[in-house]
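Structure, as structure tokens:
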Amino acid sequence: MHLTLPVDERVYLRDLAKRQAEYAALPVMQKRRQMWLDLNDEKPGAEPPVVIETWTFDRDFMPPSVFRCHTDLGRAIEGQLLRRIRQFELINDDSVIPDTFDMHWSVSIDDLGVKIGRETVKDAQGYELGYHFLHPIKDLKKDFSLLKPATCTVDKQATMDRKAFFEELFDGILKVRLCSDIMGSTCLTQRVVQLMGMEAFFTAMCDQPDDVHRLMAFLRDNCLRVMKWAESEGLLRLNNQPGDTNASSGNMTSRLPAPGFSGEAARLCDMWGAANSQETVGVSPEMFHEFCFPYYRDICQPFGLLYWGCCEPAHPFWDDIRKFPHLKKVSISRWCDQKFIGEAMRGTGLVFSRKPDPKFLGVDAKLDEEAWARHIRETLEAAKGVFLEFIVRDVYTIHGDLQKPRRAVEIARREISNHYKG
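The following block contains the structure:
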């Protein structure tokens, strides 16, 4: 991508950056920063934040009509700025707008040595939602040799060239922040399903247990190889700042970095990590313990703090989940037994990261306000005495009604104010 922009796009993008900077400086943003700090630092009575994740319903939230840039570079920059601005202006949840323009390293990582194809299909509105993988492994024993140790490269000069370009573009408005994630593929069972399919994976656990262990060990070792490569290359950066999230959950905490942090480059122990195993929702706790837990435990060990889970229910596997090293937050999806987890978490300092049922925002054209309020109250009751956050995810359309997510946030805040007992 050429680092040049037309004059009119430069002027427009600087104006957008000024709006982001103005919002980042508002007193409400400092209040929200403190809210996340209180939650993640286990301050008694910490108020539960409420966040609506928007990228899944970009057909409504970021339609082509809101963009003004025509170049690929300009549109990419515009998208980052507009998302933060519109999050505040249209939804006004507890997302914190940073006073930075964030960018990442120019890296290339091949963590498998084999290509995983994917076929997609468009829905009635022309958006690609449905997909399936073209699995390269047809026979686990015979095809295992297709897999290769991870290879990683970084173009530091290209990264610094982009950083210099952004610094010149946003000079005097926004600081440019070089960010990083962990860089390893921590969702091990997702990789398995991409490689061989869920039915084959489940069958192999019964018919070829040794081969499944061999595959899980390979994926674990490759994940750790990439993570430690990023650390040794000095690519890691602290991810506990405004704008840093795991699954849209704010990362701000004074518990990171770990003691001994000496400067710009972070260690794995200075960072939040995240992992999940959505694909094993259909296996028994005993099978999860045998085929998944040891490998996930190993990849979570280097982190400073851990966010675990996504859409899978946590309660069937709680005996293992609670043993993950550095565990801090657990995703509590709509399929989870909230009462069980609330009782299990009470007194632990863990955060009950509630994922409300997305049907309230995504299925009906009009928000059923009373049903949504009742849904929020059910969680407040289950999580009584537990650190709590609400992260609304997996909403794929709001039927063009941009007032709906904003109203959902207002109702959730009202119910929290009236009923939450931390």
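Residues 1107 to 1528, numbered by the numbering used here, are exactly what the sequence shown covers, in order.
Don't be surprised by glycine CBs; every beta carbon is placed ideally from N, CA and C.
Any idea what DSSP makes of residue i, helix, strand or coil?
i     : result
H1210 : strand
N1328 : helix
L1362 : coil
V1515 : helix
D1205 : coil
L1252 : helix
V1492 : coil
R1460 : strand
K1281 : strand
G1185 : helix
I1215 : strand
C1375 : helix
F1397 : helix
T1454 : coil
W1441 : coil
A1131 : coil
T1110 : coil
N1146 : helix
T1386 : helix
N1345 : coil
Q1140 : helix
H1421 : helix
M1269 : Strictly speaking, residue 1269 in this sequence is Lys, with Met absent from that position. Note: K1269 maps to helix in three-state DSSP.
Residue i bridges to which residues according to DSSP?
i     : result
Y1413 : A1380 and K1435
I1497 : V1157
G1223 : L1240
E1234 : K1228
V1469 : DSSP, once it has assigned bridges, lists no residue as partnering V1469.
N1352 : S1355
V1260 : V1213
Between the alpha carbons of residue i and residue j, how many angstroms are there, rounded?
i     : j     : result
P1255 : S1523 : 51 Å
D1474 : S1171 : 28 Å
S1338 : I1197 : 40 Å
R1326 : L1132 : 43 Å
V1298 : T1359 : 33 Å
P1348 : L1119 : 21 Å
M1141 : P1112 : 40 Å
F1423 : L1467 : 29 Å
E1225 : R1480 : 39 Å
K1465 : V1501 : 7 Å
L1122 : T1206 : 13 Å
Q1296 : C1416 : 12 Å
R1320 : D1404 : 15 Å
A1372 : G1340 : 7 Å
R1192 : N1328 : 38 Å
P1315 : L1246 : 11 Å
S1251 : A1323 : 14 Å
Q1444 : D1463 : 13 Å
V1213 : V1260 : 4 Å
A1488 : K1461 : 13 Å
Report yes if the C-beta distance between residue i and residue j is below 8 Å; otherwise report no.
i     : j     : result
F1307 : L1109 : no
L1284 : R1190 : no
F1430 : V1318 : no
R1428 : V1492 : no
W1414 : S1437 : yes
Q1126 : I1203 : yes
V1457 : V1156 : no
L1240 : G1219 : no
I1497 : S1355 : yes
G1180 : E1115 : yes
Y1401 : L1294 : yes
I1447 : A1420 : yes
Could you check whether the Cβ of residue i sits closer than 8 Å to any Cβ belonging to chain C?
i     : result
K1254 : Structure shown: chain C not included; a single protein chain is present.
Enumerate in chain order the residues of its own chain whose CB-to-CB distance from residue i is below 6 Å, with the five nearest sequence positions on each side excluded.
i     : result
G1506 : D1166
E1153 : M1141
I1243 : D1249, L1301 and M1302
R1138 : D1200 and V1202
K1124 : I1279
K1527 : K1490
In its own chain, which residues sit with a C-beta less than 7 Å from the C-beta of residue i, not counting the 5 before and 5 after it?
i     : result
D1147 : T1359, S1360 and R1361
F1394 : T1386, F1423 and D1426
E1521 : A1479, I1482, R1483 and L1486
D1217 : A1256, S1291, N1328 and V1332
Can you find the residues in the same chain that come closer than 8 Å, C-beta to C-beta, to residue i, ignoring five residues on each side of it along the sequence?
i     : result
L1412 : W1378, G1379, A1380, A1381, C1406, F1430, P1431, H1432, L1433, K1434 and K1435
For the ligand SAM, any of its heavy atoms closer than 7 Å to the Cβ of residue i?
i     : result
E1339 : In terms of ligand content, the structure shown is empty, and the ligand SAM therefore cannot be addressed.
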